[in-house]
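Since the structure comes first, as C-alpha coordinates, the remarks are kept for the end.
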Amino acid sequence: MFENVTFTFYKEELKGVAIGDEETFDRYARDNKIYVKTLILDGIITQDVKSVDIDTAVCFMAEVDYLTAKEQGREKGEENDVQIASESIGSYSYTVDNSQKAKSIEQNYKSADSQKAKYLRLYCNLRTGLL
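Everything in the sequence shown is counted per the numbering used here, starting at 68 for the first residue and increasing by one.
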(Lines of atoms letter the chains of each structure in order from A and count residues from 1; the text may use other names and numbers.)
(Lines give C-alpha, C1' and ligand atoms only; values in the text may rest on other atoms or scores of the structure.)
Protein backbone atom coordinates (compact mmCIF):
# COMPACT_ATOMS: atom_id res chain seq x y z
CA MET A 1 0.00 0.00 0.00
CA PHE A 2 1.21 3.52 -0.89
CA GLU A 3 4.08 2.24 -3.08
CA ASN A 4 3.23 4.83 -5.73
CA VAL A 5 2.87 7.79 -3.39
CA THR A 6 6.14 9.29 -4.56
CA PHE A 7 7.15 12.56 -6.14
CA THR A 8 8.16 10.70 -9.32
CA PHE A 9 4.72 9.08 -9.66
CA TYR A 10 3.06 12.42 -8.96
CA LYS A 11 5.11 14.28 -11.59
CA GLU A 12 5.43 11.66 -14.34
CA GLU A 13 2.30 9.51 -14.15
CA LEU A 14 -0.23 12.01 -12.80
CA LYS A 15 1.38 15.02 -14.50
CA GLY A 16 1.26 17.00 -11.25
CA VAL A 17 2.68 20.51 -11.50
CA ALA A 18 1.71 22.28 -8.27
CA ILE A 19 4.31 20.78 -5.91
CA GLY A 20 7.82 21.50 -7.11
CA ASP A 21 10.10 19.31 -4.99
CA GLU A 22 10.20 15.89 -3.36
CA GLU A 23 10.64 17.10 0.22
CA THR A 24 7.51 19.25 0.06
CA PHE A 25 5.54 16.45 -1.58
CA ASP A 26 6.57 13.95 1.10
CA ARG A 27 5.58 16.36 3.86
CA TYR A 28 2.03 16.74 2.53
CA ALA A 29 1.66 13.10 1.46
CA ARG A 30 2.57 11.77 4.92
CA ASP A 31 -0.56 13.11 6.66
CA ASN A 32 -2.80 11.97 3.83
CA LYS A 33 -1.33 8.45 3.90
CA ILE A 34 -2.16 8.21 7.59
CA TYR A 35 -5.68 9.53 7.00
CA VAL A 36 -6.39 7.09 4.15
CA LYS A 37 -4.88 4.18 6.05
CA THR A 38 -7.27 4.95 8.91
CA LEU A 39 -10.19 4.92 6.47
CA ILE A 40 -9.08 1.52 5.17
CA LEU A 41 -8.65 0.06 8.65
CA ASP A 42 -12.08 1.40 9.68
CA GLY A 43 -13.65 -0.25 6.62
CA ILE A 44 -14.74 3.01 5.01
CA ILE A 45 -12.56 2.30 1.97
CA THR A 46 -13.16 -1.28 0.89
CA GLN A 47 -10.37 -3.77 0.23
CA ASP A 48 -11.37 -4.29 -3.42
CA VAL A 49 -9.89 -0.92 -4.47
CA LYS A 50 -6.69 -1.13 -6.52
CA SER A 51 -3.60 0.08 -4.71
CA VAL A 52 -2.74 2.46 -7.56
CA ASP A 53 -6.16 4.14 -7.22
CA ILE A 54 -5.60 4.73 -3.51
CA ASP A 55 -2.12 6.08 -4.27
CA THR A 56 -3.53 8.41 -6.91
CA ALA A 57 -6.10 9.79 -4.45
CA VAL A 58 -3.40 10.36 -1.81
CA CYS A 59 -1.20 12.23 -4.32
CA PHE A 60 -4.04 14.53 -5.33
CA MET A 61 -5.01 15.06 -1.68
CA ALA A 62 -1.41 16.11 -0.95
CA GLU A 63 -1.64 18.59 -3.82
CA VAL A 64 -4.84 20.06 -2.37
CA ASP A 65 -3.16 20.48 1.03
CA TYR A 66 -0.15 22.14 -0.59
CA LEU A 67 -2.26 24.58 -2.60
CA THR A 68 -4.36 25.44 0.45
CA ALA A 69 -1.25 26.11 2.54
CA LYS A 70 0.29 28.19 -0.24
CA GLU A 71 -2.87 30.26 -0.61
CA GLN A 72 -2.93 30.92 3.13
CA GLY A 73 0.72 31.94 3.17
CA ARG A 74 1.84 29.03 5.35
CA GLU A 75 3.99 27.35 2.71
CA LYS A 76 6.75 29.95 2.48
CA GLY A 77 6.72 30.76 6.18
CA GLU A 78 4.82 33.98 5.68
CA GLU A 79 3.11 35.48 8.68
CA ASN A 80 -0.65 35.72 8.71
CA ASP A 81 -1.59 39.40 8.69
CA VAL A 82 -4.75 39.00 10.75
CA GLN A 83 -6.49 41.67 12.80
CA ILE A 84 -8.03 40.46 16.04
CA ALA A 85 -10.47 42.37 18.25
CA SER A 86 -10.88 41.51 21.91
CA GLU A 87 -13.03 42.67 24.76
CA SER A 88 -12.72 42.08 28.49
CA ILE A 89 -15.44 42.52 31.12
CA GLY A 90 -14.24 41.62 34.57
CA SER A 91 -12.75 38.15 34.42
CA TYR A 92 -14.49 37.34 31.13
CA SER A 93 -12.55 37.83 27.90
CA TYR A 94 -13.82 37.47 24.35
CA THR A 95 -11.70 37.52 21.19
CA VAL A 96 -12.98 37.58 17.63
CA ASP A 97 -11.29 37.76 14.26
CA ASN A 98 -13.52 39.35 11.65
CA SER A 99 -10.86 40.08 9.04
CA GLN A 100 -11.34 39.08 5.46
CA LYS A 101 -8.24 36.87 5.55
CA ALA A 102 -9.61 34.82 8.47
CA LYS A 103 -12.89 34.29 6.61
CA SER A 104 -10.95 33.29 3.51
CA ILE A 105 -8.89 30.77 5.52
CA GLU A 106 -12.05 29.19 6.94
CA GLN A 107 -13.56 28.90 3.47
CA ASN A 108 -10.34 27.37 2.14
CA TYR A 109 -10.40 24.67 4.83
CA LYS A 110 -13.95 23.76 3.87
CA SER A 111 -13.08 23.87 0.19
CA ALA A 112 -9.96 21.74 0.70
CA ASP A 113 -11.91 19.14 2.65
CA SER A 114 -14.53 18.90 -0.08
CA GLN A 115 -11.83 18.61 -2.77
CA LYS A 116 -10.07 15.86 -0.85
CA ALA A 117 -13.38 14.03 -0.38
CA LYS A 118 -13.95 14.35 -4.13
CA TYR A 119 -10.68 12.52 -4.86
CA LEU A 120 -11.55 9.80 -2.38
CA ARG A 121 -14.94 9.32 -4.05
CA LEU A 122 -13.38 9.29 -7.53
CA TYR A 123 -10.59 6.81 -6.89
CA CYS A 124 -11.73 4.73 -3.90
CA ASN A 125 -14.78 2.64 -3.12
CA LEU A 126 -16.20 4.43 -0.09
CA ARG A 127 -18.84 2.91 2.13
CA THR A 128 -21.50 5.37 3.20
CA GLY A 129 -22.51 3.47 6.33
CA LEU A 130 -25.92 2.66 4.88
CA LEU A 131 -26.86 -0.91 3.96
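Yeah, the Cβ is synthetic: ideal placement off N, Cα and C, and Gly gets one too.
ask   = So, residue 92 versus residue 102, is the Cβ gap smaller than 7 Å?
value = One thing to note: residue 92 has its Cβ no nearer than 7 Å to the Cβ of residue 102.
The region 113–123 in contact with the region 69–85 per 3-pair CB rule at 8 Å = yes
task = Assuming residue 182 contacts residue 131 (C-beta within less than 8 Å), just tell me the rounded distance between them.
result = 5 Å between Cβ atoms; contact.
inquiry  = By the three-class DSSP mapping on this structure, what secondary structure does residue 147 have?
reply    = With a pLDDT of 49 at residue 147, under the threshold of 50, the modelled position of this residue cannot be trusted, and the question is left open.
request  = Measure the CB-CB distance between residue 111 and residue 194 and report whether it falls below 7 Å.
outcome  = yes
message = Whole angstroms are fine: how far does the CA of residue 107 sit from the CA of residue 74?
response = 23 Å
inquiry  = Let's see if you can read the secondary structure: which residues bound the alpha helix (DSSP H) around residue 126?
reply    = 118–139
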